[in-house]
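Asker: Here our numbering is used: the first residue of the sequence shown is 1, the next is one more, and so on. For glycine and all other residues, C-beta sits at the position ideal for the given N, C-alpha and C.
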Amino acid sequence: MLVFFITFLPITLSAILFVYIMVVGSSPHQRNSIIGKSYEKLVRVPVICGVASFSLCYFGNQQKGREAYEKWWDRTSKYREWFLVLFYIALVWPIEYLYLLHALPELRASTLSKALSWVLVLSSEVFYALAVFTNPGKVTPRLEREKQTECLSHSRNAIPTKRKRESRSPQKTKNGKANSIEPFKTLHHHTQKHFGRGWRLFSLRKEDEYVLNQHYAIDEIIYPSSAYYIPKGDTEPRKEPCKDPGNFTITGLTCPTCCIPRPSRSKHCRYCDICVRRFDHHCPWINNDVAEGTHRYFMAFLFLHTISCLWASSDLFRCIKQFLLQHNAWGWKLRFSNGETIPIRFIDYAKVLAFLQTRNVFLFCFGNAMSVFLYCFFIYNLRFVIQNVTINDLNKMEDLADFVTELPTLDLVYQEAMRYCQRLEKVALRKPRALYKLPKPPHRCEPGYEEGGKKNKKYRDNARKLLLTDLRGLFDRGVWNNLKEVLFPYKGLNEARVSATQHTESLFS
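(1) Taking only the alpha-carbon atoms, compute the straight-line gap between Tyr297 and Thr469 and give it to the nearest angstrom.
(2) On the premise that Ile221 lies in contact with Tyr420, defined as a C-beta separation below 8 angstroms, what is that separation, rounded to the nearest angstrom?
(3) Could you work out which residue in Tyr128, Asp315, Ile89 is closest to Ser110 when comparing CA atoms only?
(4) Could you compute how far the alpha carbon of Cys275 sits from the alpha carbon of His295?
(5) Measuring alpha carbon to alpha carbon, tell me which of Met370, Ala417, Cys255 ends up nearest Leu304.
(6) Taking the DSSP output, what are the residues bridged to Pro489?
(7) Would you say Thr251 reaches chain B, if we count a Cβ-Cβ gap shorter than 7 angstroms as a contact?
(8) If you draw a straight line from the C-alpha of Trp285 to the C-alpha of Met22, how long is it?
(9) Whole angstroms are fine: how far does the CA of Ala15 sit from the CA of Leu363?
(10) Pull up the distance between the alpha-carbon of His281 and that of Lys321, whole angstroms please.
(11) How would you call Phe366, buried or exposed, if buried means at least 16 neighbouring beta carbons within 10 angstroms?
(12) DSSP on Pro343, reduced to helix/strand/coil?
(13) Quick one: Cα of Glu450 to Cα of Lys396, how far?
(14) Given a cut-off of 7 angstroms, decide if Ser308 and Ser124 are closer than it, judged by their beta-carbon atoms.
(15) For Ser55, does the three-state DSSP call read helix, strand or coil?
(16) Just the C-alpha distance for Phe475 and Pro343, rounded to the nearest angstrom, thanks.
(17) List, from N- to C-terminal side, the beta strand (DSSP E) runs of 3 residues or more that fit wholly inside the stretch 273-347.
(18) Contact check, Val385 vs Val486 under 8 angstroms by CB: the rounded distance?
(19) Please state whether the Cβ-Cβ distance between Leu292 and Arg270 is less than 7 angstroms.
(20) Going by DSSP, which residues form a beta bridge with His215?
(21) Touch check for the stretch 260-267 and the stretch 51-70: three-plus C-beta pairs under 8 angstroms?
(22) Are the beta-carbon atoms belonging to Glu96 and Val121 less than 7 angstroms from one another?
(23) Are Asn135 and Lys267 close, meaning C-beta to C-beta below 7 angstroms?
(24) Please return the same chain residues whose Cβ sits closer than 6 angstroms to the Cβ of Pro518, not counting the five positions on each side in sequence.
(25) Mind checking which residues open and close the alpha helix (DSSP H) that includes Lys440?
(26) For the alpha helix (DSSP H) containing Cys259, name the first residue and the last one.
(27) By how many angstroms is the C-alpha of His215 removed from the C-alpha of Ala354?
(28) Does the stretch 449-467 come into contact with the stretch 406-416, if we say contact requires no fewer than three beta-carbon pairs (one atom in each stretch) closer than 8 angstroms?
(29) Which word fits Cys272, buried or exposed, when buried means at least 16 other C-beta atoms lie within 10 angstroms of its C-beta?
(30) On the DSSP bridge assignment, give the partners of His268 in chain order.
(31) Report the rounded CA-to-CA distance for Val24 versus Asn328, giving the unit in angstroms.
(32) Take the Cβ of Cys258 as the centre, count every other Cβ of all protein chains shown within 10 Å, and call the residue buried at 16 or more, exposed below.
(33) Just to confirm my understanding: we take Gly65, look at its own chain, exclude 5 residues before and 5 after, and list those with CB closer than 6 angstroms. What are they?
(34) Any idea if Phe378 is buried or exposed, counting beta-carbon neighbours within 10 angstroms, 16 or more meaning buried?
(35) May I ask you to report which of helix, strand or coil DSSP gives Ile16?
(36) Among Pro46, Arg460, Leu429, whose alpha-carbon lies nearest the alpha-carbon of Gly473?
Encoded structure:
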């Protein structure tokens, strides 16, 4: 039994550490830490193994093996994207099945308590499905928008005619024989339609998408502007000089793939191959972007999954305790021949339960481990939601702070920091306060302030910290308003429609 615990505990801790490294290791915060370096090494392992396997087919030629591996990797990318989603289903759903249909009926508890267990588990899976299948906030590419406009104009001008009833008989070839490949083509078409990315990427109306794209202004600090301007009352960008700034809206840089100006806080996802508004990160566990349309479902899934794991652990602990009480094993004591009594230790209870309550003990340990991990990950993401900062924003802010603090002299660091402070005064929703505390640097001949000195490094670190503090206030509207932006991302559409309706009524009244 001791061997069982010696092997089970390290395996559990290793699995938790592996998941933590794979989830958090890609973050810029962990770039130079042990977690970040471990993540880079773990990511290289499949590549090394794949190249080695393909090299064996070419008699040890690593160059041909690498080329074959890269071709295989590109061809299987569409199917590989769903691997972690299927892995989650294969891992979590059987455990939820054991808990709800086997362990929970054994628990002597009220109907309300058991109903709450079902509600927590099912609601967490519902929000997981919404996070997987919801449009993340796609910015419609230029070619797709032109096709939609063309199709809409053709549909309006088309004359309605009666549809001919199509024959359901299989198509025949020139020889008159039935084409056996046609059913497979139809199956492939429906599979691509329902399980490709098309079902997720529906488009909004042109006017609604324009409102969403202009929700955040181009700050020209972490999101640069382009030479294009959108005249007020129009939805199409034009490349013309901005003579009257009051009648123009600045647009972001043009995406080379989608051929559209990027809205502020958007990014082109290389996995989904689309531009997404208020992009946070691409989550492989949902095979979708955590962004404008999916951020609320992702956070709800993390929260409910954490609560359901804690609630399940509580139910399983009560199951184990009721089992011990039923067999009069709770509070056992060992009595020796000399009359001395010793209470049973925790390790003794664990040995008994590992044999007699193996399923419940396993589910209890799994639920506790998952609840701790999910709670930490939820708090990590909630901190950014409260500040209205996405991980994409934070990456750009840290790159800017690194650029400023790595300038050749402290005078340049101070001047550049003050220049960004003046810009933040104009565009930031939360006005800068920290950068005003940055003192002017002394002469570089002062002891410790020479390049490479301790005071020099301390000044740069302080400037970086103060600059990041004020940069995080770019989109900060206050805790409550920040939460509303995540929970109700399309509320601005309703307000825009109401204002447009009132404006129209005032014109005709």
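Answerer: In this structure, then:
(1) 28 angstroms
(2) 6 angstroms
(3) Asp315
(4) 16 angstroms
(5) Met370
(6) Beta-bridge pairing links Pro489 to no other residue.
(7) This model lacks chain B altogether, as it is built from one protein chain only.
(8) 11 angstroms
(9) 15 angstroms
(10) 43 angstroms
(11) buried
(12) strand
(13) 29 angstroms
(14) yes
(15) helix
(16) 60 angstroms
(17) 274-276, 281-283, 288-290, 333-335, 341-343
(18) 5 angstroms
(19) Here residue 292 turns out to be Glu, not Leu, going by the sequence shown. No, the Cβ-Cβ distance between Glu292 and Arg270 is not below 7 angstroms.
(20) Answer by DSSP bridge pairing: none, since His215 is not bridged.
(21) no
(22) yes
(23) no
(24) Within the shown structure, residues of the chain are numbered from 1 to 509, placing residue 518 beyond reach of any answer.
(25) First-last for Lys440: undefined, no H or E at that position.
(26) Taken as a continuous stretch (DSSP letters only), Cys259 belongs to no alpha helix (DSSP H), as it is neither H nor E.
(27) 57 angstroms
(28) yes
(29) buried
(30) Cys275
(31) 46 angstroms
(32) buried
(33) Val51, Phe54, Ser55, Tyr58
(34) buried
(35) helix
(36) Leu429
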